[in-house]
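Novice: Dropping a structure here in structure tokens format, bear with me for questions.
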Amino acid sequence: MDNLETYAKERFELNRQKQTLKEQQQQRLTVTYNGGLFRVDMTLLNYLYMKNANAGLFNQSTKCIIPDSYDTPVEVDCVELVQLCEQRWNEVHNDWYNEYQELKTKRKAGDVSV
Amino acid sequence: MSLSKGVVILYSESAQLDYKRLSDICARLAEKHLDVPASIIEIEPIQRNFRTFRYPNGELEGTEWNNIGRYSAYEISPYDETILLDCDYIVQSDTLANYFGSDHDFICHNSSWDVTGNNVFRHDKYMTQNWFEMRWATVVYFKKNEHSKRIFDAWKMVYENYAYYAELFGFSKSPFRNDFAMSVAHQICNGYANTATFDYALPALSSSDSVIDYANGRWLLKYEYKQSHNVVRYTGDLHVMNKRSLLKVSDQLCE
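Going down the list, the protein sequences come from chains A and B. For this note's numbering, add 672 to where a residue sits in the first sequence, where the first one is 1. For this note's numbering, add 5 to where a residue sits in the second sequence, where the first one is 1.
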């Protein structure tokens with residue numbers, strides 16, 4: 673009886689797990705470039721894509737100065753930085769997706785393992 | 006000339022917990038993930054400090070807590086750029102390596118994140134009732150330069166005059182807390198501005214939760230919520246306050 677009661681009390685909450693997955697992956701979304709630390713998010717990626725598109729279409733420079741996560745201005749080459757950011761973005765989001773796919777059907781504590 | 010980089014772990018012997026073992030594990034994993042050497046340095050306890058922990062079964066334990074000499078890390082560290090770690094902080098990613106070579110002099114965490122989602126650290130955002138922001142001394146990155154030395158000197162000064170600063174800022178003067186002493190020093194030397202902190206919260210597991218299992222970089226953690234015991238899986242760096250449960254998975258961590 674004790675065991676059954678313990679079993680019933682041990683739960684796996686998918687919503688909490690989703691939140692934990694999100695936080696754990698987001699802390700990995702940082703890259704260093706030219707002494708600056710950049711948080712890779714959609715805003716930064718969009719800016720870099722735009723700069724690179726403009727460089728191709730209107731013959732603009734791919735070099736620019738943007739503030740990093742600590743508001744330090746850093747000179748960057750948008751082609752180099754976008755490669756770094758995309759690589760990190762893909763690594764993190766692939767891991768996030770795979771972990772979520774594995775965990776989304778679990779409902780009991782006993783189903784979850786390392 | 007390139008600057009030397011490394012991790013420093015300071016510990017003191019305790020009769021109740023094998024801090025040496027924890028330090029060895031912490032160093033080994035930091036070397037593996039950050040690709041820099043790690044130095045474990047034993048410090049003589051300057052004074053005995055005690056702290057009470059509540060474990061998952063509700064048991065309370067008064068534990069000897071001898072990490073007072075952390076302000077001496079600046080003098081002790083053999084590296085130009087150092088990441089100072091608590092021995093219960095387990096590195097599982099290269100996130101901290103990003104800070105080597107950055108423009109920062111001294112960085113620490115200004116918030117802690119409960120990986121179970123229970124948000125038990127919400128009361129640690131401020132260390133006084135008048136909203137004096139807290140810093141965490143668990144993970145500190147510093148360069149050897151004048152600004153960092155000033156912070157470490159101030160940290161020591163706060164330790165030596167702890168009762169005075171406790172009275173001044175309005176926190177408890179006993180037991181001594183490194184986090185508080187470093188918070189005061191960090192705030193004073195940075196003009197009380199909320200700057201020079203890591204851009205993510207310190208991932209942590211409170212002493213009332215425990216590690217059930219660990220394999221291939223994945224933690225299985227047990228936490229209590231409304232009298233039920235739940236589990237959550239987590240991947241990444243983790244500050245495990247329940248050191249007993251960390252020691253139970255020490256063999257898996259070393260594999």
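We treat Cβ as the ideally placed atom computed from N, Cα and C, and that holds for glycine. Here the structure is a predicted model, which means the values were calculated and not measured.
#1: Would you report the Cα separation of cysteine 757(A) and proline 83(B), rounded to the nearest angstrom?
#2: Taking only runs that begin and end inside the segment 92 to 120 of chain B, name each unbroken beta strand (DSSP E) of 3 or more residues, in chain order.
#3: Is it right to say glutamate 685(A) is buried, meaning 16 or more other beta carbons lie within 10 angstroms of its own, or is it exposed?
#4: Report the CB separation of threonine 143(B) from aspartate 99(B) in whole angstroms; it is logged as a contact under 8 Å.
#5: Within 9 Å of any Cβ in chain A, is that where the Cβ of tyrosine 1(B) sits?
#6: Taking only beta-carbon atoms, is arginine 779(A) less than 9 Å away from chain B?
#7: Would glutamate 695(A) count as contacting chain B if we go by Cβ distances under 9 Å?
#8: Could you work out which residues of chain B lie near threonine 704(A), taking near to mean beta carbons separated by less than 9 Å?
#9: Identify the contact partners of valine 786(A) in chain B, using a Cβ-Cβ distance below 8 Å as the criterion.
#10: Using the three-state DSSP reduction, which class does serine 188(B) fall into: helix, strand or coil?
#11: Please determine, among Asn235(B), Ser188(B), Asp93(B), Asn199(B), the residue with the shortest C-alpha to C-alpha distance to aspartate 743(A).
#12: Mind pulling the chain B residues with CB within less than 7 Å of arginine 683(A)?
#13: Quick check on the DSSP output: the beta strand (DSSP E) that includes tryptophan 224(B) runs from which residue to which?
#14: Assign tryptophan 141(B) to one of two classes, buried (16 or more other C-beta atoms within 10 Å of its C-beta) or exposed (fewer than that).
#15: Residue ranges of each beta strand (DSSP E) run of no fewer than 3 residues wholly in the segment 727 to 784 of chain A, ordered along the chain?
#16: Run through DSSP, which three-state label would threonine 692(A) get?
#17: Among the candidates Gln773(A), Glu771(A), His765(A), Leu693(A), whose CA atom is the shortest distance from the CA of valine 712(A)?
#18: Under the three-state reduction of DSSP, which class applies to leucine 720(A): helix, strand or coil?
#19: Find the residues of chain A that neighbour tryptophan 118(B), judging by a C-beta separation of less than 8 Å, and give them in chain order.
#20: Sort Phe157(B), Met139(B), Glu138(B) by Cα distance to phenylalanine 147(B) and report the nearest one.
#21: Expressed to the nearest angstrom, what Euclidean distance is found between the alpha-carbon atoms of glutamine 759(A) and tyrosine 169(B)?
#22: With a threshold of 16 other CB atoms inside 10 Å of the CB of valine 751(A), please say whether the residue is buried or exposed.
#23: Would you kindly report the start and end of the unbroken beta strand (DSSP E) that includes arginine 33(B)?
#24: What do you get for glycine 708(A), buried or exposed, if any count of 16 or more other CB atoms within 10 angstroms of its CB means buried?
#25: Starting from valine 236(B), follow the beta strand (DSSP E) in both directions and report where the run begins and ends.
#26: May I ask you to verify whether the segment 769 to 783 of chain A touches the segment 12 to 30 of chain B, counting CB pairs closer than 8 Å and requiring at least 3?
#27: Would you please state the rounded distance, in angstroms, between the beta carbons of threonine 121(B) and tyrosine 228(B)? I believe it to be under 8 Å.
#28: Quick check on aspartate 214(B) - is its C-beta less than 9 Å from some C-beta in chain A?
#29: Please confirm if glutamine 759(A) has its CB atom under 9 Å from at least one CB of chain B.
#30: Examine chain B for any beta-carbon lying closer than 9 Å to the beta-carbon of glutamate 747(A), and answer yes or no.
#31: Put phenylalanine 710(A) into one of helix, strand or coil per three-state DSSP.
#32: Do valine 189(B) and arginine 683(A) have their C-beta atoms within less than 9 Å of each other?
#33: Should the segment 685 to 696 of chain A be regarded as contacting the segment 731 to 743 of chain A, the criterion being three or more beta carbon pairs within less than 8 Å?
Specialist: Answer, in terms of the structure:
#1: Position 85 of the first sequence, counting from 1, holds the residue named residue 757(A). Position 78 of the second sequence, counting from 1, holds the residue named residue 83(B). Distance between the alpha carbons of cysteine 757(A) and proline 83(B) is about 33 Å.
#2: Segments of the beta strand (DSSP E) lying fully in the segment 92 to 120 of chain B: 111 to 114, 117 to 119.
#3: As a working mapping, residue 685(A) is identified with position 13 in the first sequence. Residue burial annotation: glutamate 685(A) is buried, with at least 16 other C-beta atoms found within 10 angstroms of its C-beta.
#4: For the purposes of this step, residue 143(B) is taken as the residue at position 138 of the second sequence. For the purposes of this step, residue 99(B) is taken as the residue at position 94 of the second sequence. The beta carbons of threonine 143(B) and aspartate 99(B) sit about 18 Å from each other, so the pair does not count as a contact at 8 Å.
#5: Residue numbering for chain B in the displayed model covers 6 to 260; residue 1(B) lies beyond these limits and cannot be assessed.
#6: Residue mapping note: residue 779(A) aligns to position 107 of the first sequence, counting from 1. Proximity of arginine 779(A) to chain B, defined by a Cβ-Cβ separation below 9 Å, is not satisfied.
#7: One-based indexing of the first sequence puts residue 695(A) at position 23. The beta-carbon of glutamate 695(A) is placed less than 9 Å from the nearest beta-carbon of chain B.
#8: Position 32 of the first sequence, counted from the start, is the residue given in the question as residue 704(A). Those within 9 Å of threonine 704(A) in chain B are Ala102, Asn103, Tyr104, Phe105, Gly106, Ser107.
#9: Indexing the first sequence from 1 puts residue 786(A) at position 114. Taking a Cβ-Cβ threshold of 8 Å, the residues of chain B close to valine 786(A) are Asp218, Tyr219, Ala220, Asn221, Arg223, Trp224, Leu225, Arg238, in chain order.
#10: Locating residue 188(B) in the second sequence gives position 183, where the first residue counts as 1. It is helical.
#11: Translated into the one-based positions of the first sequence, residue 743(A) becomes position 71. Of Asn235(B), Ser188(B), Asp93(B), Asn199(B), the smallest CA-CA separation from aspartate 743(A) is found for Asn199(B).
#12: The count along the first sequence starts at 1 and reaches residue 683(A) at position 11. Neighbours of arginine 683(A) on chain B, chain order: Ser233, Asn235.
#13: The residue labelled residue 224(B) in the question sits at position 219 within the second sequence. 223 to 230 is the span of the beta strand (DSSP E), which, as asked, contains tryptophan 224(B).
#14: As a position in the second sequence, residue 141(B) is number 136, starting the count at 1. Buried is the call here.
#15: The segment 727 to 784 of chain A contains these whole beta strand (DSSP E) runs: 735 to 739, 745 to 749.
#16: Counting from 1 along the first sequence, the entry for residue 692(A) is found at position 20. Threonine 692(A) sits in a helix when the DSSP states are folded into three classes.
#17: Within the first sequence, numbered from 1, the residue matching residue 712(A) stands at position 40. Looking at the Cα atoms, His765(A) is the closest of the given residues.
#18: For this step, residue 720(A) is matched to residue 48 along the first sequence. DSSP, read as helix, strand or coil, puts leucine 720(A) in helix.
#19: On the second sequence, position 113 is the one that residue 118(B) refers to. Simply Glu695.
#20: Residue numbering aside, residue 147(B) sits at position 142 when the second sequence is read from its first letter. For the residues Phe157(B), Met139(B), Glu138(B), the minimum Cα distance to phenylalanine 147(B) belongs to Phe157(B).
#21: For the purposes of this step, residue 759(A) is taken as residue 87 along the first sequence, with counting starting at 1. For the purposes of this step, residue 169(B) is taken as residue 164 along the second sequence, with counting starting at 1. For glutamine 759(A) and tyrosine 169(B), the distance between alpha carbons rounds to 51 Å.
#22: If you number the first sequence from 1, residue 751(A) lands on position 79. Flag for valine 751(A) reads exposed.
#23: Within the second sequence, residue 33(B) is the residue found at index 28, counting from 1. Careful: arginine 33(B) lies outside any beta strand (DSSP E), inside the alpha helix (DSSP H) at 24 to 39.
#24: In the first sequence, counting from the first residue as 1, residue 708(A) sits at position 36. Buried, by the Cβ-count rule.
#25: Mapped onto the second sequence, residue 236(B) falls at position 231. 233 to 240 is the extent of the beta strand (DSSP E) around valine 236(B).
#26: Fewer than three pairs of CB atoms, one per stretch, sit closer than 8 Å, so the segment 769 to 783 of chain A makes no contact with the segment 12 to 30 of chain B.
#27: Here residue 121(B) corresponds to residue number 116 of the second sequence, with the count starting at 1. Here residue 228(B) corresponds to residue number 223 of the second sequence, with the count starting at 1. That pair is a contact at about 4 Å.
#28: Here residue 214(B) is taken as the residue at index 209 of the second sequence, counted from 1. Between aspartate 214(B) and chain A, the shortest Cβ-Cβ separation is not below 9 Å.
#29: Within the first sequence, the letter at position 87 stands for residue 759(A). No - not a single Cβ of chain B is within 9 Å of the one on glutamine 759(A).
#30: Sequence index remark: in the first sequence, residue 747(A) carries index 75 (1-based). So no, glutamate 747(A) is outside the interface.
#31: The count along the first sequence starts at 1 and reaches residue 710(A) at position 38. If DSSP states are grouped into helix, strand and coil, phenylalanine 710(A) belongs with the strands.
#32: Taking the first residue of the second sequence as position 1, residue 189(B) is located at position 184. Taking the first residue of the first sequence as position 1, residue 683(A) is located at position 11. By the CB criterion at 9 Å, valine 189(B) and arginine 683(A) fall outside the cutoff.
#33: Segments in contact, no.
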